[in-house]
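Reading through the structure tokens given below for one structure.
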Amino acid sequence: MQKVTILGATGSIGRSTIDVLLRHPEMFKVFALTANSNIDLLLQQALICSPEYVVVSDLKYYQQAKELFAQSTLNCEVLAGNDALELVASDANVDVVMAAIVGAAGLLPTLAAARAGKKVLLANKESLVMSGDLFIQTANKYKAQLLPIDSEHNAIFQCLPADFTYGDLPASGISKILLTGSGGPFLNLPLQDLSHVGPEQACAHPNWSMGRKISVDSATMMNKGLEFIEARWLFGLQSDDIQVVLHPQSIIHSMVQYLDGSVIAQMGNPDMRTPIAHALAYPQRVESGVAALDFNQLTDFTFSQPSKERYPNLTLAIEASNAGQYATTSLNAANEIAVDSFLQGQISFTQIAEVNNECLQQITSHKLDTIDEVIASDQNARRVSLEIIKRINPPAMLRTK
Ligand code: NAD
Ligand code: MG
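Counting from 296, one number per residue, gives the positions in the sequence shown under my numbering.
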């Protein structure tokens with residue numbers, strides 16, 4: 296029986312994780328569930344999963360959560376704040392931590408799980424984008440097992456040879472990693488219309504149902520950019536080792552191309568319960584609730600190259616990954632601010648890339664050797680991006696809109 300903590304239980308990945316866990320009560324028991332503020336859903340989930348702890352990270356909701364849980368039949372402890380997230384991620388009773396908080400907020404609890412030598416199921420790609428080398432070093436030092444949840448990285452992991460050598464593709468007989476992406480909802484929209492699309496259109500992904508931040512990132516393909524950086528750290532890759540391939544149907548989740556010309560692809564319906572079940576049960580296989588692919592129904596199966604004009608964020612992310620840690624940390628922070636402003640109607644869709652680009656231009660190279668330096672760099676890029684947003688769209692203009 297493995298005890299599981301789900302960081303970000305109330306989100307899209309968190310809910311899918313609970314769905315898979317409940318199918319296998321003989322294998323898994325929930326130790327802790329965490330939410331930022333959605334305490335009603337947290338209570339519902341707790342009533343089904345009977346965790347030992349729940350954590351509400353936003354302190355504003357703590358009192359309310361305590362009262363809500365006290366009125367229930369549950370016998371679980373209600374904790375609050377960021378320290379509590381780290382506590383339930385590293386508790387000695389925990390075997391597996393699902394890291395499914397969105398954004399930079401996921402870094403410290405995910406790192407705490409790695410430092411405690413847990414089996415870490417990594418959905419929070421931002422942790423690796425922000426702190427790649429430090430994160431991998433920590434996982435290695437404390438013998439944490441890092442299993443990718445991002446469908447592409449999970450696919451690559453499944454297509455790699457069992458004796459894969461980190462950082463050396465030729466030694467493993469591999470010539471390229473083919474990272475696939477759907478191109479998002481605006482793949483075929485005329486370029487001049489991109490600046491007019493709103494949050495609801497950007498969040499309406501054609502194949503995947505996801506949280507709002509990653510949905511916008513998929514539409515700008517910043518998500519693929521973050522995944523490019525994530526893949527470099529997870530598998531020890533050089534920039535040239537990876538080729539991004541558009542595959543709008545999202546049936547192939549990524550591929551590994553071998554020196555002899557073989558290409559191994561991992562396929563399945565676009566449903567995150569497959570990579571979640573794979574990582575939870577690894578190296579076994581268990582049912583996930585995802586329907587098998589029906590090849591009689593797969594009519595289109597197409598591939599193309601992503602356009603630089605349509606997806607400037609993808610280029611920015613690849614360039615940042617070549618520039619170094621300071622650049623990917625700053626880009627991630629800028630992008631979180633820009634996406635948030637877009638979702639709040641303060642900047643246009645195409646201005647997300649403008650903010651990201653300008654922020655990177657303004658920030659000069661600096662070393663990030665410690666987590667405190669990573670966090671300071673993240674905070675600085677947030678300040679710079681907010682200034683840029685204020686300049687391109689001053690509050691006075693917002694009021695007259
Ligand atoms: P979501 O927005 O649906 O859920 C986010 C979760 O994080 C919620 O439980 C929320 O309460 C919690 N959270 C938000 N802000 C927080 C804060 N400041 N402190 C503590 N907790 C906070 O997001 P999601 O789509 O489930 O994505 C989660 C992570 O998984 C992201 O890093 C995303 O990139 C990654 N991911 C998601 C998918 C997907 O299909 N949804 C696929 C691949 C990777
Ligand atoms: Mg992905």
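Idealized CB from N, CA, C, for every residue including glycine. Keep in mind that this is a model prediction, so the values were computed, not measured.
H661 - DSSP class collapsed to helix/strand/coil: coil
Closer than 8 angstroms: A304 CB and nearest the ligand NAD heavy atom: yes
Heavy atom of the ligand NAD within 8 angstroms of R527 beta-carbon: no
Nearest-angstrom Cα separation, counted from I647 out to G640: Distance from the CA atom of G640 to the CA atom of I647, rounded to whole angstroms, is 12 angstroms.
Between the CA atoms of Q366 and K436 - distance to the nearest angstrom: 43 angstroms
V540 versus N617 - alpha carbon distance: 19 angstroms
Sufficient close CB pairs (3 or more, under 8 angstroms) joining the segment 624–639 to the segment 535–552: Taking a cut-off of 8 angstroms for Cβ pairs, the segment 624–639 and the segment 535–552 do not touch, as fewer than three such pairs fall below it.
The segment 353–361 touching the segment 607–614, judged by at least three CB pairs closer than 8 angstroms: no
Proximity winner among H542, L575, Y553 and Q552, relative to F596 (alpha-carbon distances): H542
F364, DSSP secondary structure in three states: Reduced to three states, the DSSP call for F364 is helix.
Contact the segment 393–408 vs the segment 417–428: 3+ CB pairs below 8 angstroms: yes
Terminal residues of the alpha helix (DSSP H) in which K438 lies: From DSSP, K438 is part of no alpha helix (DSSP H); its letter is neither H nor E.
F250 - partner residues in DSSP beta bridges: Not covered by the structure: residue 250. The range shown for the chain is 296 to 696.
Helix, strand or coil at V492 according to DSSP, with G and I counted as helix: Three-state DSSP puts V492 in coil, outside helix and strand.
Distance between beta carbons of T624 and G673, contact taken as under 8 angstroms: Just to set this straight, residue 673 is Asp in the shown sequence, not Gly. The Cβ separation is near 6 angstroms, so the contact holds.
Check: D555 C-beta below 8 angstroms from any heavy atom of the ligand NAD: no
Stretch-stretch touch, CB-based, cutoff 8 angstroms, three pairs: the segment 395–411 with the segment 583–603: no
Proximity of A408 and L473 at Cβ, strictly below 9 angstroms: no
Helix, strand or coil at Q639 [DSSP, three-state]: coil
Near the ligand MG: E421 beta-carbon under 8 angstroms from a heavy atom: no
CA-to-CA distance, S446 to P480, given in whole angstroms: 18 angstroms
Range covered by the beta strand (DSSP E) that runs through I537: Going by DSSP, I537 is part of the beta strand (DSSP E) stretching over I537 to L541.
Neighbour-count burial assignment, A457, 16 or more Cβ in a 10 Å radius: Counting every other CB atom within 10 Å of its CB across the protein chains shown gives A457 a total below 16, marking it as exposed.
Same chain only: Cβ atoms within 7 angstroms of S311, ignoring 5 sequence neighbours per side: M567, R568 and I571
Near the ligand NAD: I524 beta-carbon under 8 angstroms from a heavy atom: no
Same chain, Cβ closer than 8 angstroms to L317, neighbours up to 5 away in sequence not counted: Correct list, in chain order: I343 and C344.
Contact test: D353 Cβ vs the ligand NAD heavy atom, cutoff 8 angstroms: yes
T665, buried or exposed, once every other Cβ within 10 Å from all chains shown has been counted against 16: Classification for T665: exposed.
Boundaries (first-last residue) of the beta strand (DSSP E) holding S470: I469 to G476
Bounding residues of the alpha helix (DSSP H) (the contiguous stretch that carries M517): M517 to F530
C-beta atoms of S504 and S352 nearer than 9 angstroms: No. Outside cutoff.
Endpoints, alpha helix (DSSP H) assigned at K685: I666 to I687
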